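There are 2 protein chains.
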Amino acid sequence: MSNLNIQITLSEKKKDKLPTDQLVFGTTFTDHMFIADYIEGKGWHNHRVVPYAPITLEPSATIFHYGQTIFEGMKAYLSEDGVVRLFRPDQNMKRMNHSADRLSMPQIDENHALEALVELIKVDKEWIPKDPGTSLYIRPFMIATEPHLGVSASKSYTYMIIMSPVGSYYEEGIHPVKILVESEYVRAVAGGTGNAKTAGNYASSLKAQEVADREGYSQVLWLDGIERKYIEEVGSMNVFFKIDGEVVTPALNGSILDGITRKSIIDLLKHWSVPVVERRVSIDEIREAHRTGKLDEAFGTGTAAVISPIGEFRYQGELFYVNNGETGELSAKLYDALTGIQKGTQEDPFGWVVELNKK
Amino acid sequence: MSNLNIQITLSEKKKDKLPTDQLVFGTTFTDHMFIADYIEGKGWHNHRVVPYAPITLEPSATIFHYGQTIFEGMKAYLSEDGVVRLFRPDQNMKRMNHSADRLSMPQIDENHALEALVELIKVDKEWIPKDPGTSLYIRPFMIATEPHLGVSASKSYTYMIIMSPVGSYYEEGIHPVKILVESEYVRAVAGGTGNAKTAGNYASSLKAQEVADREGYSQVLWLDGIERKYIEEVGSMNVFFKIDGEVVTPALNGSILDGITRKSIIDLLKHWSVPVVERRVSIDEIREAHRTGKLDEAFGTGTAAVISPIGEFRYQGELFYVNNGETGELSAKLYDALTGIQKGTQEDPFGWVVELNKK
Ligand SMILES: Cc1ncc(COP(=O)(O)O)c(C=O)c1O
Ligand SMILES: Cc1ncc(COP(=O)(O)O)c(C=O)c1O
Chain A
1 MSNLNIQITL
11 SEKKKDKLPT
21 DQLVFGTTFT
31 DHMFIADYIE
41 GKGWHNHRVV
51 PYAPITLEPS
61 ATIFHYGQTI
71 FEGMKAYLSE
81 DGVVRLFRPD
91 QNMKRMNHSA
101 DRLSMPQIDE
111 NHALEALVEL
121 IKVDKEWIPK
131 DPGTSLYIRP
141 FMIATEPHLG
151 VSASKSYTYM
161 IIMSPVGSYY
171 EEGIHPVKIL
181 VESEYVRAVA
191 GGTGNAKTAG
201 NYASSLKAQE
211 VADREGYSQV
221 LWLDGIERKY
231 IEEVGSMNVF
241 FKIDGEVVTP
251 ALNGSILDGI
261 TRKSIIDLLK
271 HWSVPVVERR
281 VSIDEIREAH
291 RTGKLDEAFG
301 TGTAAVISPI
311 GEFRYQGELF
321 YVNNGETGEL
331 SAKLYDALTG
341 IQKGTQEDPF
351 GWVVELNKK
Chain B
1 MSNLNIQITL
11 SEKKKDKLPT
21 DQLVFGTTFT
31 DHMFIADYIE
41 GKGWHNHRVV
51 PYAPITLEPS
61 ATIFHYGQTI
71 FEGMKAYLSE
81 DGVVRLFRPD
91 QNMKRMNHSA
101 DRLSMPQIDE
111 NHALEALVEL
121 IKVDKEWIPK
131 DPGTSLYIRP
141 FMIATEPHLG
151 VSASKSYTYM
161 IIMSPVGSYY
171 EEGIHPVKIL
181 VESEYVRAVA
191 GGTGNAKTAG
201 NYASSLKAQE
211 VADREGYSQV
221 LWLDGIERKY
231 IEEVGSMNVF
241 FKIDGEVVTP
251 ALNGSILDGI
261 TRKSIIDLLK
271 HWSVPVVERR
281 VSIDEIREAH
291 RTGKLDEAFG
301 TGTAAVISPI
311 GEFRYQGELF
321 YVNNGETGEL
331 SAKLYDALTG
341 IQKGTQEDPF
351 GWVVELNKK
């Protein structure tokens, strides 16, 4: 199936590794990176693993002016017996192609992309931390490189994978976060780029995130850009509510990201026969559920934190505490189940995990 | 007022210059560029004019992942007597700061930015073409450079100016373009980044532009993202309609760009006592005006083409021809007046033009 010819150039000097308790998310990178180039008419070529190093671009490269760039985020886990596990990497590659289509960027070969990733992980395997809660964060991304100031799709691109060892998201075990419901700024609307993983969506979110930071909230909850009342998603997580025994999450409406953790949580809940529905959810419904004591739990889902219980929402000055600000039972159970599958300490009934160098 | 210390390093070898009739917009660049660096706590520093060359960034630089980047577009004109003219450059610097604020990027000193631009133009003055309709296109831009994968504002930035000699926009004189009214994709909504000049807005527009290209239309006309019926702007132009003797343009509503050509056209029309209003304009109103023979003229406004008469709109399969597909009288008059002021062949009653190295 695969005929990818990856050129490997090893770095001459290895970098020192930080102790896992000193790792700051996304600041330390491994010794190598993967690169492939694309030129219209020629396609993808020059697939290579090279020492991690700066990249050089023309000042007129499309990425700087017209923003054609997409990315993915995923993790590799190392277990005691030396097995490396990836969680649904096929889904990331598929979503990368969905994003590429929206941004008029070239498709990647999903099998080749996985092969390239496996090769890079092999080269930098010693960088995967082993301590509980730690992992290797993987960032595949594609940028437009044509040196041309014109609003049209670039004719050349670079695809890269860089990797960063990350410490435990929860230093003292899983604990709830505080979320600010945003009512001034809008992240995306249907017809826009909200369901693609592209830089512009994040750039536009910073202004609201700054307010949240200042007021002691960890992330923003976005409302829809049209009626400003339906719940979309959190900064970098999808969101779930347990209301009166039923789990509810906003339906994929074209403006939110089709999260891989989100879809896995839905499958897990169905597997457990916990009622779960995808539909429109308004902030008024959440306020009402809170008022009548029916808002049992709330949590965000995403690759970084896996499950992030939500203990408090603030919406236009009003505070809604969830489960007395404590981690709910279902949130904790989902966290344990999903991280257990990811790390290989629990059975994987769905075939989600890809195991590398298994004996 | 100014104390900017600009270090100048001249290039050792000058590039060959293309004849103006061979210039393709945004592909040829002058011999030098301007750069300044910003670091949180230290501010802007190391202002320099250096030989035009590629730039080097960490693969984890914020610009590649979270898209903090803004830009401006302006032109310098050279007249027979050696005077270089800039058109309302203060407005570009002001808009750059507006964009910077929306994207959580640092403010620039508008006077310093202008001083830097003048210095760069001095160094590369021989690159400004002189032929009718030609000019030097100027692209100031700012990118986020911090090597950190985290959704938060970068702590370091680079501000640059690059310049490109451009040929006449209209090879055979001003002529009308065909515009496709977009009804599937959305460019921006209020609360988003539509009124900032940032890369993400353009990245998200490419998909619709591709359809327009394929079907023989030069640009897309965006409708509002909420009701999908109010007119916003064209791909890289604001838009005006002359309906029954009155000129109408969509009001600044938070999701369209506050175009410098747009505001100059409004001032010119007022100066001429031509009735002009900024308000909501629906596509149905345009259809109706067309049906009743009241759609006298339509044109786009922007730095690249100055005035671009519109001869045809297509909206959901329906065609609206404007002025029999020919350039309207007012469009032509506005084009002549504005380009005359820009090139110094006509009086500038508004004080819009900044003249450099005037004897
Ligand atoms: C905007 C946004 N929504 C949701 C998610 C969650 O997606 P996933 O579960 O695939 O990590 C992320 C993070 O990846 C995100 O950036
Ligand atoms: C989206 C958009 N609207 C409008 C304009 C026109 O603005 P200006 O007249 O300042 O060039 C531009 C181009 O600069 C643009 O990119």
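Chains as they are written, first to last, in UniProt numbering: chain A, 1 to 359; chain B, 1 to 359.
Even glycine gets a Cβ: it sits at the ideal position worked out from N, Cα and C.
Every value quoted in this text rests on a predicted model; they were computed, and no experiment measured them.
Roughly how many angstroms separate the alpha carbons of residue i and residue j, rounded to a whole number?
i	j	result
B:Leu23	B:Val166	6 angstroms
B:Ser156	B:Gln107	12 angstroms
B:Leu4	B:Gly82	26 angstroms
A:Pro176	B:Ala199	35 angstroms
A:Ile179	A:Ile310	7 angstroms
B:Met160	A:Ser154	21 angstroms
B:Gly259	A:Lys229	31 angstroms
A:Gly317	A:Glu278	28 angstroms
A:Asn195	B:Pro349	49 angstroms
B:Leu221	B:Pro129	32 angstroms
A:Val322	A:Gly293	9 angstroms
B:Asn111	B:Lys270	29 angstroms
B:Met1	A:Val189	Per-residue confidence for B:Met1 stands at a pLDDT of 42, beneath the threshold of 50, marking its modelled position as unreliable; no derived number is given.
B:Arg102	B:Lys94	13 angstroms
A:Glu210	A:Thr249	26 angstroms
B:Ser164	B:Gly173	21 angstroms
B:Thr56	A:Ile162	16 angstroms
B:Tyr66	A:Phe320	30 angstroms
A:Ala53	B:Tyr170	44 angstroms
B:Glu126	B:Ser104	37 angstroms
A:Ser135	B:Glu227	45 angstroms
A:Arg214	A:Asn201	21 angstroms
B:Phe299	A:Gly191	25 angstroms
A:Phe87	B:Asp31	49 angstroms
B:Phe64	B:Ile243	44 angstroms
B:Tyr77	B:Val84	6 angstroms
A:His47	B:Pro59	16 angstroms
B:Gly340	B:Asp124	24 angstroms
A:Glu72	A:Gln342	18 angstroms
Mind listing the chain A neighbours of residue i? Cutoff is C-beta to C-beta under 8 angstroms, in chain order.
i	result
residue 399 of chain B	The question about residue 399 of chain B has no answer here: the residues shown for chain B are numbered 1 through 359.
B:Ile8	None at all; the shortest Cβ gap to chain A is about 18 angstroms.
B:Glu210	Ser104, Ala153
What does residue i reach in chain A if we use C-beta pairs closer than 9 angstroms?
i	result
B:Leu57	Pro54, Ile55, Thr56, Leu57
B:Met163	Within 9 angstroms Cβ-Cβ: nothing; B:Met163 doesn't reach chain A, min ~10 angstroms.
B:Met33	Pro59
Output, in chain order, the set of chain B residues within a Cβ distance shorter than 7 angstroms of residue i.
i	result
A:Arg102	Lys207
A:His148	Gly26, Thr27
Cβ closer than 7 angstroms: which chain A residues qualify as neighbours of residue i?
i	result
B:Ser204	Gly192, Thr193, Gly200
B:Gly235	Val151
B:Ser99	Within chain A, no residue comes near B:Ser99; the closest Cβ sits about 11 angstroms away, beyond 7 angstroms.
B:Tyr185	Gly191
Under the DSSP definition of a beta bridge, which residues are partnered with residue i?
i	result
B:Leu356	B:Val84
B:Val234	B:Leu221, B:Met237
A:Tyr159	A:Ala36, A:Met142
B:Leu180	B:Val220, B:Arg314
A:Val151	In DSSP, A:Val151 forms no bridge with anything.
A:Ile243	A:Glu246, A:Leu295
A:Ser164	A:Tyr137
Taking Cβ-Cβ distances shorter than 9 angstroms, what residues in chain B pair up with residue i?
i	result
A:Ile226	Val189, Gly225, Ile226, Glu227
A:Met160	Pro59, Phe64
- Secondary structure, alpha helix (DSSP H): runs of 4+ residues fully inside the region 266 to 332 of chain A: Along the region 266 to 332 of chain A, the alpha helix (DSSP H) occurs as fully enclosed runs of 4 or more residues at 283 to 291, listed in sequence order.
- Which runs of the alpha helix (DSSP H) spanning at least 4 residues fall entirely within the region 185 to 231 of chain B, listed in chain order? 199 to 203, 206 to 214
- Item | Segments of 3+ residues assigned as beta strand (DSSP E) that fall wholly inside the region 34 to 79 of chain B | 43 to 51, 55 to 57, 69 to 71, 74 to 78
- Message: Beta carbons nearer than 8 angstroms to chain A: which residues of the region 116 to 143 of chain B have them?
- Response: Tyr137, Arg139, Phe141, Ile143
- Along the chain, which unbroken stretches of the alpha helix (DSSP H) at least 4 residues long are found entirely within the region 85 to 142 of chain A? The region 85 to 142 of chain A contains these whole alpha helix (DSSP H) runs: 89 to 102, 110 to 123.
- Message: Extract the residue ranges of the alpha helix (DSSP H) inside the region 1 to 29 of chain B, only unbroken runs of 4 or more that lie entirely within it.
- Response: Listed in chain order, the alpha helix (DSSP H) runs fully inside the region 1 to 29 of chain B amount to none, counting runs of at least 4 residues.
- Item | Residues in the region 61 to 89 of chain A having any Cβ partner in chain B nearer than 8 angstroms | Ile63, Phe64, His65, Tyr66, Gly67, Gln68, Thr69, Phe71
- Query: Quick one, which residues of the region 239 to 272 of chain B are near chain A if we go by CB-CB under 9 angstroms, in chain order?
  - Reply: none
- Task: Can you give me, in chain order, the residues of the region 296 to 313 of chain A that have a beta carbon less than 9 angstroms from any beta carbon in chain B?
- Result: Going along the region 296 to 313 of chain A in chain order, one finds no residue with a Cβ nearer than 9 angstroms to chain B.
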